[in-house]
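Engineer:
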Amino acid sequence: RKEVEQDPGPFNVPEGATVAFNCTYSNSASQSFFWYRQDCRKEPKLLMSVYSSGNEDGRFTAQLNRASQYISLLIRDSKLSDSATYLCVVRDGGATNKLIFGTGTLLAVQP
Amino acid sequence: DGGITQSPKYLFRKEGQNVTLSCEQNLNHDAMYWYRQDPGQGLRLIYYSQIVNDFQKGDIAEGYSVSREKKESFPLTVTSAQKNPTAFYLCASSTPVVGGYTFGSGTRLTVV
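If you read the protein sequences in the order shown, they are chains A and B.
The first sequence maps to residues -18 to 92 in our numbering.
The second sequence maps to residues 65 to 176 in our numbering.
1. Could one say the Cβ of SER169 of chain B lies closer than 8 angstroms to chain A's Cβ atoms, at least one of them?
2. Look at the Cβ atom of TYR128 of chain B, then the Cβ atom of GLN120 of chain B, and state whether they are nearer than 8 angstroms.
3. Using three-state DSSP, classify SER71 of chain B as helix, strand or coil.
4. Please report the straight-line C-alpha distance between VAL31 of chain A and TYR165 of chain B, rounded to a whole angstrom.
5. In three-state DSSP terms, what is ASP58 of chain A?
6. Output the distance between the C-alpha atoms of LYS135 of chain B and ILE115 of chain B, rounded to the nearest integer angstrom.
7. Tell whether a beta-carbon distance below 8 angstroms holds between ARG132 of chain B and ASP118 of chain B.
8. On a CA-only basis, which of B:SER157, B:SER137, B:VAL175 and B:GLY104 is nearest SER144 of chain B? Give me that one, please.
9. Whose CA, out of B:GLN146, B:SER157, B:ASN92 and B:ALA125, lies closest to the CA of LEU173 of chain B?
10. Name, going along the chain, the residues of the segment 6 to 31 of chain A whose beta-carbon falls closer than 8 angstroms to a beta-carbon of chain B.
11. Do GLN12 of chain A and ARG72 of chain A have their CB atoms nearer than 8 angstroms?
12. If we call anything under 8 angstroms between Cβ atoms a contact, is LEU179 of chain B one with GLN70 of chain B?
13. Starting from the beta carbon of GLY83 of chain A, find every residue of chain B whose beta carbon is closer than 8 angstroms, and list them in chain order.
14. Taking CB distances under 8 angstroms as the criterion, tell me whether LEU80 of chain A reaches chain B.
15. Is it right to say LYS79 of chain A is buried, meaning 16 or more other beta carbons lie within 10 angstroms of its own, or is it exposed?
16. Is there at least one Cβ from chain B nearer than 8 angstroms to VAL90 of chain A's Cβ?
17. Does SER158 of chain B get closer than 8 angstroms to chain A when you measure Cβ to Cβ?
18. List the residues of chain B that VAL70 of chain A touches, going by C-beta distances under 8 angstroms, in chain order.
19. What does a CB cutoff of less than 6 angstroms around ARG108 of chain B pick up in its chain, not counting 5 residues either side in sequence?
20. Three-state secondary structure (DSSP) at ASP63 of chain A?
21. Measuring CA to CA, which of A:GLY85, A:ARG57 and A:THR66 is closest to GLU(-4) of chain A?
This is how it looks when you write it as structure tokens:
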């Protein structure tokens, strides 16, 4: 089983749509969780951290369910500029501070 | 501005050659990392260093070597022993405790 699993997509949605991405992780000792965004042929950039109580940043909402080892990202009112690959990222439970990356979910927002 | 600089942006290597990818950061981060990304795959950890003069192998270290002689610098050498080196290489750094990584803009290596 992969340490971090995501649906690769692609998710093709019209502008203005709401879209949700899900991610599961295998290590119950994981303590920190993130969503990164990666544009084509570019480096990943931190979109938002994911907190236990859930958190929101503008049109983006992240949720964490520790019992199910499940993370989600909701994007409301999709813009063309949201088109990218969204990476689910989990810090491993050991002392090394390593981040484990999912393979990413591709989002294509259509005009 | 603080950040991570990777060079070169594009690199072409002949089979049998060693090449070195540069990674420099001025964020005063202790930890640095090298990842490889292949099309359709996630980032895979090659090597990481949590402190100067110390580094550990990641998941796919075979055919690669690193050094960490300075806090700011973490160069990666792709040796001729790496059988399939064509990939996008990403360097990152972080503080040791919390937070995510800051990535460089990457080096795209192609074997010709």
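Ideal placement from N, C-alpha and C gives every residue a C-beta, glycine not left out.
Structural biologist: Per the coordinate set shown:
1. Translated into the one-based positions of the second sequence, residue 169 of chain B becomes position 105. SER169 of chain B counts as touching chain A.
2. Position 64 of the second sequence, counted from the start, is the residue given in the question as residue 128 of chain B. Position 56 of the second sequence, counted from the start, is the residue given in the question as residue 120 of chain B. No, these two residues do not count as a Cβ contact at 8 angstroms.
3. For the purposes of this step, residue 71 of chain B is taken as residue 7 along the second sequence, with counting starting at 1. Of the three classes helix, strand and coil, the one that applies to SER71 of chain B here is strand, per DSSP.
4. Within the first sequence, numbered from 1, the residue matching residue 31 of chain A stands at position 50. Within the second sequence, numbered from 1, the residue matching residue 165 of chain B stands at position 101. Near 14 angstroms, if we compare the C-alpha coordinates of TYR165 of chain B and VAL31 of chain A.
5. Counting from one through the first sequence, the residue named residue 58 of chain A turns up at place 77. In this structure, ASP58 of chain A counts as coil in the three-state DSSP scheme.
6. If you number the second sequence from 1, residue 135 of chain B lands on position 71. If you number the second sequence from 1, residue 115 of chain B lands on position 51. Roughly 7 angstroms between the two C-alpha positions.
7. Counted from its first residue, the second sequence places residue 132 of chain B at position 68. Counted from its first residue, the second sequence places residue 118 of chain B at position 54. Yes.
8. As a first step, residue 144 of chain B is located in the second sequence; it is residue number 80 there, counting from the start. Nearest of B:SER157, B:SER137, B:VAL175 and B:GLY104 to SER144 of chain B, Cα basis: B:VAL175.
9. Position 109 of the second sequence, counted from the first residue, corresponds to residue 173 of chain B. Nearest C-alpha to LEU173 of chain B: B:GLN146.
10. SER13, PHE15, TYR17, ARG22, LYS23, GLU24, PRO25, LYS26, LEU27 and SER30
11. Here residue 12 of chain A is taken as the residue at index 31 of the first sequence, counted from 1. Here residue 72 of chain A is taken as the residue at index 91 of the first sequence, counted from 1. If you check the CB distance, GLN12 of chain A and ARG72 of chain A come in under 8 angstroms.
12. Because chain B here runs from 65 to 176, residue 179 of chain B falls outside it and cannot be looked at.
13. Position 102 of the first sequence holds residue 83 of chain A. Per Cβ cutoff of 8 angstroms: GLY106.
14. Taking the first sequence and counting its residues from 1, the one referred to as residue 80 of chain A is at position 99. LEU80 of chain A counts as touching chain B.
15. Residue numbering aside, residue 79 of chain A sits at position 98 when the first sequence is read from its first letter. With 16 or more other Cβ atoms within 10 Å, it is buried.
16. If you number the first sequence from 1, residue 90 of chain A lands on position 109. By this cut-off, VAL90 of chain A is not an interface position.
17. On the second sequence, position 94 is the one that residue 158 of chain B refers to. Yes, SER158 of chain B counts as interfacial toward chain A.
18. For the purposes of this step, residue 70 of chain A is identified with residue 89 of the first sequence, where counting begins at 1. Those within 8 angstroms of VAL70 of chain A in chain B are GLY164.
19. Here residue 108 of chain B refers to the residue found at position 44 when the second sequence is read from its first residue. Result list for ARG108 of chain B: ARG100, ASP123 and ILE124, in chain order.
20. Taking the first sequence and counting its residues from 1, the one referred to as residue 63 of chain A is at position 82. DSSP, reduced to helix, strand and coil, places ASP63 of chain A within a helical segment of the structure shown.
21. Counting from 1 along the first sequence, the entry for residue -4 of chain A is found at position 15. Minimum Cα distance to GLU(-4) of chain A is reached at A:ARG57.
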